[in-house]
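Enquirer:
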Amino acid sequence: MRFLLIAVLFVFAFAVPSGAEALDIQLKFSKRLEKDMKKINEKELQREAMFRKYRIELEPGKKAKNLMIDKYQDTIWANEYLLPDLNTYSVPNLMRTMAWAAFHQIAEPGFNGTLVIEVDSFFIPEFPLARYRSHGPRMNGKFTLLDGAGNVMAEAEVAARVVKRYTVSTSYQGPEFAYAETAVDGRMGPIVAAFVEKGLEDLLPGADAPGPILVQMKTH
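Note that the sequence shown covers residues -22 to -1, 1 to 198 in mature numbering (1 follows the signal peptide of the UniProt record, and there is no 0).
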């Protein structure tokens, strides 16, 4: 299967262990995902813009009700934390930054190497593009960890689903990746977080990688 290869070197100032070095992240998407990525990003960007404005998961063009901007203003939402500039928001950028941040929470300080993430498929029950809809959000692919010389240290086939873990806090600030509960069945963020979590934990047995945490947003 032909893949789209996206490689980037991250040196962002996340809160990482002292002495941690730069990690090369390579993303590979299946031919089908590569073909649809522009549309996927467009739909996701529209929904992300609505959430940042109204603090509810809302389809573009629909009227916002029961706004909760002030009530959840202290919550650190995963997408905004990882990609503060809305103009940089895309599924590949989200996956790269999320994998980088999660890896450095569990990796040994000073690690130098490459994390290769291959995404074969994903399905989300209410995703805007019909071909990616199916019961239960899931994502399939492969994770490979290479050392500085390019040797394979570990690899794992990954089949991830969202395990629903909740918080009732109105000011959740980590260490997991926070999403509105309503994002699970329509957005990319929660399943990407679950995929990254499972992939890293499969690569590094015993590690406790951050994953999605769902905020139960109340209107009263």
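From the three backbone atoms N, C-alpha and C, an ideal C-beta is built for every residue, glycine too.
Expressed to the nearest angstrom, what Euclidean distance is found between the alpha-carbon atoms of F101 and K13?
Expert: If you take the alpha carbons of F101 and K13, they lie about 16 Å apart.
Enquirer: Would you say E104 and G164 are within 8 Å of each other, going by their C-beta atoms?
Expert: yes
Enquirer: DSSP on Y144, reduced to helix/strand/coil?
Expert: strand
Enquirer: Pick out whichever of P190, L107, R25 and S147 has its Cα sitting closest to the Cα of S68.
Expert: Minimum Cα distance to S68 is reached at R25.
Enquirer: Buried or exposed: which applies to S(-5), given that a residue is buried once 16 or more other Cβ atoms fall within 10 Å of its Cβ?
Expert: Because the pLDDT of S(-5) is 39, which lies under 50, any placement of that residue in the model is unreliable, and the question is left without a value.
Enquirer: Given a threshold of 16 other Cβ atoms within 10 Å of its Cβ, counted over all protein chains shown, does M117 qualify as buried or as exposed?
Expert: buried
Enquirer: Closest to T160 by C-alpha separation, out of A56, E86 and Q194, would be which residue?
Expert: Q194
Enquirer: Using DSSP bridges, identify the partner residues of E135.
Expert: K120
Enquirer: Determine whether the beta carbon atoms of A156 and W78 lie at a separation below 8 Å.
Expert: no
Enquirer: DSSP state of G91, grouped into three classes?
Expert: strand
Enquirer: Is the region 127 to 146 in contact with the region 180 to 193, if contact means three or more CB pairs nearer than 8 Å?
Expert: The answer is yes - the region 180 to 193 touches the region 127 to 146, with three or more Cβ pairs under 8 Å.
Enquirer: Sort V174, A27 and Y50 by Cα distance to S147 and report the nearest one.
Expert: Y50
Enquirer: Identify the continuous alpha helix (DSSP H) that holds Y32 and give its terminal residues.
Expert: K9 to Y32
Enquirer: Give me the residue from L61, K9, G184 and L192 with the minimum Cα distance to V141.
Expert: For the options L61, K9, G184 and L192, the alpha carbon positioned closest to that of V141 is the one of L192.
Enquirer: Going by C-alpha distance, which of P188, V162, L23 and R30 is nearest S112?
Expert: Closest in C-alpha terms to S112, from the list P188, V162, L23 and R30, comes V162.
Enquirer: Identify, in the order they occur along the chain, each residue of the same chain with its Cβ nearer than 6 Å to the Cβ of A(-8), setting aside the five sequence neighbours on each side.
Expert: Reliability fails at A(-8), whose pLDDT of 42 lies under 50, so the model's placement of it is uncertain and no value is given.
Enquirer: What's the gap between the Cα of K21 and the Cα of P70?
Expert: 14 Å
Enquirer: I191 lies in the beta strand (DSSP E); which residues open and close that run?
Expert: P190 to V193
Enquirer: Using a threshold of 8 Å, state whether the C-beta atoms of A158 and E175 are closer than that.
Expert: At a Cβ-Cβ threshold of 8 Å, A158 and E175 do not count as neighbours.
Enquirer: Do you know how far the Cα of N19 is from the Cα of residue 247?
Expert: Outside the shown range of the chain (-22 to 198) lies residue 247, about which nothing can therefore be said.
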